[in-house]
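Engineer: So the number in our numbering is just where the residue sits in the sequence shown, counting from 1, plus 25. There's a structure below that I have some questions on.
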Amino acid sequence: LWSGFWIESPRARIWFAGDTGYGDGAIFRDIRARYGAPQIALIPIGAYAPRWFMSAQHVAPEEAVQIFTDIGADQALGLHWGTFQLTDEPREEPKAILQAALAAAGIAPERFRALGPGDVHTE
């Protein structure tokens, strides 16, 4: 978990995952146990291929969905994808795989959105 951080105020609990691999997932469950569930989680979904090389540094979209579940966030924004061709997966692939992983997990797509470059999220 590189450069992840937690922001808490009387109005919001926000967690930024930073660059991270999933590993055994214990760190994400530990964060939830220590701080509670965030209202918004900012979770990377891109720059994951090839897995043999990138898995320790960057999660794939399916792992991002598992992190979302582990951390217990109300909502998440998928980031770290689509702006530049960083690794081997096609630039638009992370969003499509995220949508499929959310459907497979029974999670409503509006709870975990993959904002593209220049998109804005307001709540």
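Backbone N, C-alpha and C fix where the C-beta goes; we use that ideal spot for every residue, glycine too.
Cβ of A133 within 8 Å of Cβ of V90?
Structural biologist: No, they are not a contact pair.
Engineer: Take the Cβ of V145 as the centre, count every other Cβ of all protein chains shown within 10 Å, and call the residue buried at 16 or more, exposed below.
Structural biologist: The residue is exposed, with fewer than 16 neighbouring Cβ atoms inside 10 Å.
Engineer: Where does W106 sit, in a helix, a strand or coil, going by DSSP?
Structural biologist: Coil.
Engineer: Sort Q100, G141 and W31 by Cα distance to R116 and report the nearest one.
Structural biologist: Cα-wise, what sits closest to R116 is G141.
Engineer: Please name the residue, chosen from I65, Q124, T108 and L102, that lies closest to S34 on a Cα-to-Cα basis.
Structural biologist: Among I65, Q124, T108 and L102, the Cα nearest to that of S34 belongs to I65.
Engineer: What is the DSSP secondary structure of P134, counted as helix, strand or coil?
Structural biologist: Three-state DSSP puts P134 in a helix.
Engineer: Taking I39 as part of the beta strand (DSSP E), name the residues at either end of that continuous run.
Structural biologist: Taken as a continuous stretch (DSSP letters only), the beta strand (DSSP E) holding I39 covers R38 to F41.
Engineer: With a CB to CB cut of under 6 Å and the five nearest residues on each side skipped, what residues in its chain are close to Y47?
Structural biologist: Only V84 and E88 meet the Cβ criterion.
Engineer: In the DSSP assignment, find the beta strand (DSSP E) that holds I32 and state where it starts and stops.
Structural biologist: That run of the beta strand (DSSP E) goes F30 to E33.
Engineer: Compute the distance between the beta-carbons of I70 and L123, then report whether it is under 8 Å.
Structural biologist: Yes; because the gap between Cβ atoms is below 8 Å, this pair is in contact.
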